[in-house]
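Participant: One structure, pasted below without further comment.
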Amino acid sequence: MSELTLRPAGDITPMPGIDMTTRLASVTFPNPVFTASGCAAAGQELDQFFDVAELGGIVTKSIMMAPRSGRATPRMAETPSGMLNSIGLQGPGIDAFLDKDLSWLSHRGARAVVSIAGGTVDDYAKLTAKLRGRPGLAMIEVNISCPNVEDRGQVFACDPHASAAVIQAVKRAAPTGVPVFAKLSPDVTDIVSIAQACVGAGADGLSLINTLLGMVIDTDTLRPALAGVTGGLSGPAIRPVAVRCVWQVRQALPDVPILGMGGIRTGLDALEFVLAGANAVSVGTTVFGDPRAPVRVLDELARALADRGFERFEDAIGLAHKPPVIHVPEGPDPVGDEPTPNEHRPVSFEGEA
Amino acid sequence: MPVQVQGEVLSIRKVGAYNAMTVVAPGMAELTRPGHFVAVQVGGPESSMLLRRAFAIYDVKERGVYGGTVEFIFAVHGKGTAWLAARRPQDKLDLVGPLGKPFRLPAQPVTATLVGGGYGSAPLLPLATALRERGCRVDFVLGAGSADRLFGQLDAKRIASSIEVTTDDGSLGHRGRVSDVLPQLLDRTGAEVVYACGPMAMLKAVSEQAAARDLPCQVAVEESMACGIGVCMTCVLPVVGDDGLTRLVRSCVEGPVFLGDRVRWNDIGSLPPDVVGSLNAAGGGH
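Chains A and B, in that order, give the protein sequences. Residues 31 to 383 (the working numbering) make up the first sequence, in order. Residues 371 to 656 (the working numbering) make up the second sequence, in order.
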């Protein structure tokens with residue numbers, strides 16, 4: 031653990047001279063590090079460890095229309111450099127969320143990115159309508175990795191038409207000036223086609239990626255480790271998959287804002303996502319082991335950018351897609367270069383006539 | 371309010387089948403009450419184990435030659451605790467704590483029975499001291515699989531008016547479970563409150579025996595946790611609220627101490643249909 035985690039809350043400031051602001055569609059955020067949905071609840075618990083308003087935004091746990099118990103336990107299994115979870119979207123329902131959680135975030139001066147989840151297209155539209163006129167709402171993230179109860183439980187995010195239908199409904203209901211981001215699942219054959227469908231349906235940006243479906247079997251009980259049998263794999267184990275998804279979508283959709291996430295643990299991890307094309311990043315599972323991780327990653331990212339000579343965060347976005355920088359080798363001037371006057375100024379020495 | 375501290379191992383010693391680890395963790399001791407726990411990062415900065423390990427706090431010292439210390443007891447269960455057991459004095463250890471809701475202490479000097487299973491006795495020992503300071507009578511029942519898996523009998527003997535020991539294999543004390551001896555002890559001592567910490571099956575039995583006598587019973591549960599601070603939602607169990615409704619509540623922030631008669635012991639690990647917002651068969655998403 032670096033010494034940075036020792037600093038008291040509120041003491042981490044980005045490197046002076048680095049402009050860390052980033053723009054996601056119509057909204058400018060003071061910096062590009064966010065929490066990740068499902069890994070920060072609604073910010074209050076983490077506010078004990080750092081000021082939630084210091085981050086670019088707080089992405090809240092996906093909220094549904096009604097209160098929801100989630101699944102039975104066990105809900106979690108640790109895996110190499112990751113974890114498997116099967117929470118089942120436990121939550122208080124949208125009304126309690128608005129009263130208690132969103133109003134608290136707004137009061138604290140945090141920028142809330144509200145993640146919504148539903149079982150039908152209509153659920154998503156209703157949830158979005160409830161968010162209208164709510165102070166503190168900076169953005170909506172649409173969790174489409176949910177079973178569509180109107181289509182035999184087929185996950186919205188695995189079908190371009192179902193994904194587009196949800197995004198279209200959300201966009202129609204969304205307050206103006208509040209960007210709508212679609213959060214995509216990596217468990218698809220071609221993530222670019224889903225991304226294009228969402229953007230075609232009006233998504234202002236994309237969140238990449240949700241968890242990968244995984245499974246662990248307990249070799250003592252000889253049964254699946256999770257009560258829900260399968261679960262979502264997250265953490266550094268999935269980072270290369272996430273970076274690949276950001277890269278592919280950035281290549282296909284050069285102008286669409288991307289919020290990148292998947293196993294970010296350090297500032298350099300975040301920089302990978304940015305170079306692949308992310309306009310901002312979310313720090314998720316790492317928070318479980320290090321509650322101060324988001325502010326630490328922000329600080330480390332700022333330092334990493336400064337070390338590499340960047341003055342503006344946004345200059346690094348998508349840079350890995352550009353051709354490599356050609357370094358002129360040191361040595362004699364290439365033939366044909368015009369000598370500068372200085373280089374040929376006659377030199378005289380003491381004692382010379 | 372918990373703190374995150376880069377602590378330093380002061381000592382680690384074997385106690386029977388367990389390890390007792392003391393860590394210099396400035397700022398944590400003064401906030402700690404009996405029943406609080408600490409969440410420990412394992413495996414070092416590049417560890418492939420991302421999740422913290424949670425342990426009940428056994429002892430704290432607010433000041434000392436080395437500054438405030440926190441001591442916890444653990445058994446080696448897997449790679450994370452094996453790594454922890456291999457730490458040596460002066461090794462660095464990242465701690466978050468104190469976490470959770472501690473035991474509530476009675477306002478009057480009552481007669482209390484404390485029941486510990488395995489190293490579940492760890493948080494009960496400071497609790498016993500706090501109860502004694504309030505003029506309470508304290509009786510202990512400590513149980514374990516075998517004598518080497520008991521923890522704190524000597525401390526308990528020193529603090530309490532009486533102590534009964536049970537082991538599954540009969541290697542020390544009564545052969546059997548704590549629930550074999552608890553009813554008679556409750557009746558004999560005229561116990562007015564019960565506190566317990568240990569495996570779920572033991573907590574269930576103790577809660578039922580206390581409830582049968584109308585005794586208030588507080589239990590500290592040991593649920594599997596990923597974060598310990600209330601954000602991951604993995605450590606939930608079905609608990610009846612003041613409104614009579616059952617919810618899946620987080621044992622890390624709403625617990626680990628619960629009223630024994632509020633926990634629906636038989637429904638842990640399942641999803642009763644009357645839980646608020648209970649998922650039906652069509653539920654999903656993660």
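The beta carbon of each residue, even a glycine, is placed where N, CA and C say it ideally should be. From a predicted model like this one, the values you see are computed outputs, not experimental measurements.
#1: With DSSP as the reference, please indicate the residues paired to B/D509 in a beta bridge.
#2: Secondary structure at A/E302, three-state DSSP: helix, strand or coil?
#3: Below 8 Å on C-beta distance, what does B/A596 contact in chain A?
#4: Given B/P479, which residues of its chain have a CB within under 7 Å of its CB, disregarding the five upstream and five downstream residues?
#5: Relative to the alpha-carbon of B/S621, which residue among B/F510, B/F425, B/S531 has its alpha-carbon at the smallest distance?
#6: Return the chain-ordered list of same chain residues with a C-beta closer than 6 Å to the C-beta of B/L454, the five sequence neighbours on each side being excluded.
#7: Tell me whether the beta-carbon of A/V196 lies closer than 9 Å to the beta-carbon of A/M169.
#8: With 8 Å as the C-beta to C-beta threshold (strictly closer), list the residues of the region 609-627 of chain B near chain A in chain order.
#9: Cβ of A/G232 within 9 Å of Cβ of A/R280?
#10: Closest Cβ-Cβ distance between B/D464 and chain D: below 9 Å?
#11: Which residues in chain A sit within 9 Å of B/V322, going by Cβ to Cβ distance?
#12: Three-state secondary structure (DSSP) at A/I221?
#13: Measure the alpha-carbon distance for A/L132 versus A/V218 and round it to whole angstroms.
#14: From which residue to which residue does the alpha helix (DSSP H) around B/P671 run?
#15: In whole angstroms, give me the CA-to-CA distance for A/A334 and A/A192.
#16: Rounding to the nearest angstrom, what Cα-Cα distance links A/A70 and A/A107 in this structure?
#17: Answer with buried or exposed for B/H447, where buried requires no fewer than 16 other C-beta atoms within 10 angstroms of its C-beta.
#18: Using C-beta distances below 6 Å, list every residue in its chain close to B/Q374, excluding the 5 sequence neighbours before and after it, in chain order.
#19: For the region 306-337 of chain A, which residues have a beta carbon sitting closer than 9 Å to at least one beta carbon of chain B?
#20: Indicate the three-state DSSP secondary structure (helix, strand or coil) for A/S237 in the structure shown.
#21: Along the chain, which unbroken stretches of the alpha helix (DSSP H) at least 4 residues long are found entirely within the region 166-202 of chain A?
#22: Any idea what DSSP makes of A/M291, helix, strand or coil?
#23: Hey, out of A/A323, A/D299, A/P177, whose CA is closest to A/D189's CA?
#24: Residues of chain B with CB closer than 7 Å to the CB of A/S99, please, in chain order.
#25: Report yes or no: is there a C-beta of chain A within less than 9 Å of the C-beta of B/L401?
#26: What residues in the region 414-430 of chain B bring their beta carbon closer than 7 Å to a beta carbon of chain A?
#27: Determine, using beta carbons only, whether A/L256 and A/N240 come nearer to each other than 9 Å.
#28: If you run the structure through DSSP and keep just helix, strand and coil, what is A/E341?
#29: To be precise: take each residue of the region 371-393 of chain B, compare its Cβ to all Cβ atoms of chain A, and keep it if any distance is under 9 Å. Which residues remain?
#30: Among A/P104, A/A72, A/A199, which has the Cα closest to the Cα of A/S136?
#31: A/L76 touches chain B at which residues, Cβ-Cβ below 8 Å?
#32: Just tell me which of A/C275, A/D248, A/G244 has its CA closest to the CA of A/S264.
#33: If I measure Cβ to Cβ from B/P317 and keep anything under 7 Å in the same chain, skipping five residues before and after, which residues do I get?
#34: Considering only residues of the same chain and omitting the five flanking positions on each side of B/L615, which have a CB-CB separation below 7 Å?
#35: Give the single residue among A/V229, A/G307, A/A332, A/S56 whose Cα lies nearest to the Cα of A/E352.
#36: Measuring CA to CA, which of A/G235, A/G262, A/V259, A/G258 is closest to A/V276?
Facilitator: Quick answer:
#1: B/T483, B/S532
#2: helix
#3: M106, E108, M113, N115, F318
#4: R504, G505, C506
#5: B/F425
#6: V412
#7: no
#8: R617, L618, V623
#9: no
#10: In the displayed structure, chain D is absent; the protein chains listed are A and B.
#11: Missing from the structure shown is residue 322 of chain B; chain B here goes from 371 to 656 and no further.
#12: helix
#13: 32 Å
#14: Within the shown structure, residues of chain B are numbered from 371 to 656, placing residue 671 of chain B beyond reach of any answer.
#15: 40 Å
#16: 18 Å
#17: exposed
#18: V466
#19: T315, T316, V317, F318, G319, D320, P321, R322
#20: strand
#21: none
#22: strand
#23: A/P177
#24: L618, L641, V645, V646, G647, S648, L649
#25: no
#26: P415, S418, M419, L420, L421, R422
#27: no
#28: coil
#29: M371, P372, V373, Q374, V375, Q376
#30: A/A72
#31: I599, V601
#32: A/G244
#33: Absent from the model: residue 317 of chain B. The displayed extent of chain B is 371 to 656, so no value can be given.
#34: V646
#35: Note on identity: in this sequence residue 352 of chain A is Lys, with Glu being the wrong assignment. Checking every option, the nearest Cα to that of A/K352 belongs to A/G307.
#36: A/G235
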